[in-house]
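Sequence positions in the sequence shown follow this note's numbering and run -19 to 120. Backbone N, C-alpha and C fix where the C-beta goes; we use that ideal spot for every residue, glycine too. Remember, predicted model here, so these are calculated numbers, not experimental data. In what follows, a structure is listed as structure tokens, so that the remarks can point back to it.
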Amino acid sequence: LLAFNFIEFIQKDSFNDLVNLELIHLENNRLEIIDEILFSKSKLIASIYLNSNQIKFTSNKTFQNLNKLFLINLSNNKLNESIEFLNLHLLETIFLEENNLRAIGKNSFKKIQNLSVLNLFKNNIQFIDDFAFRNMHKLK
-19 LLAFNFIEFI QKDSFNDLVN LELIHLENNR LEIIDEILFS KSKLIASIYL
31 NSNQIKFTSN KTFQNLNKLF LINLSNNKLN ESIEFLNLHL LETIFLEENN
81 LRAIGKNSFK KIQNLSVLNL FKNNIQFIDD FAFRNMHKLK
């Protein structure tokens, strides 16, 4: 647990030796950037809490290949670009409330068939692609 600290930056190889890591609590820090390979060696991650930071952008590759991931909390950040969560087949819950998201693209939630909770409350969304929520039959 590294929550409720003053962490501003995490080296991209910080978690490389933590191959059995399943839960990441980095909420309530001062993170602005999450390197796209930060979690790449930790294939067993099931939950990531990055809420209440200063994150403005995440790469499409940041959560790629986290095949055990079922929850991502990115709420209360400064995200303004459309995020793409690709091929996260077990992902059930995404919290994106209280950001500055302006658009939801057609690939934002592509191939996430198990998504049942998606919170987009309190953003600046002005555009939602016609196919943004396609095949999301479990969404409640």
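Asked: THR42 versus ARG10, ASN33, LYS91 and ILE63, residue with shortest Cα-Cα distance; Found: ILE63
Asked: Proximal residues to ILE52 (C-beta, below 6 Å), its chain only, five neighbours per side dropped; Found: ILE28 and ILE74
Asked: Residues bridged to THR73 (per DSSP); Found: LEU51 and VAL97
Asked: GLU72 beta carbon less than 8 Å from that of LEU95; Found: yes
Asked: Neighbourhood of ILE35 by C-beta, 8 Å cutoff - its chain only, sequence neighbours within 5 removed; Found: LEU11, GLU12, ILE13, ILE14, LEU54, ASN57, LYS58 and LEU59
Asked: Cutoff 8 Å; reference VAL(-1); Cβ partners in own chain excluding five residues on either side; Found: LYS21, SER22, LYS23 and LEU24
Asked: C-beta neighbour in chain B for SER55, strict 8 Å; Found: Note that chain B does not occur in the displayed structure, where there is just one protein chain.
Asked: Alpha carbon of ASN31 to alpha carbon of ASN8, nearest angstrom; Found: 7 Å
Asked: Cβ shell of LEU(-19) (< 8 Å), same chain only, five flanking positions each side left out; Found: HIS5
Asked: Residues near GLN93 by beta carbon distance below 6 Å, same chain, minus five either side; Found: none
Asked: Presumed contact (8 Å Cβ cut-off) between ASN80 and ASN99, rounded CB distance; Found: Actually they are not in contact, since the Cβ atoms of ASN80 and ASN99 sit about 15 Å apart, beyond 8 Å.
Asked: Identified DSSP bridge partners for LEU3; Found: SER27
Asked: Per-residue burial, ASN45 [other beta carbons within 10 Å of its own, 16 or more giving buried]; Found: exposed
Asked: As assigned by DSSP and simplified to three states, the class of ALA83; Found: strand
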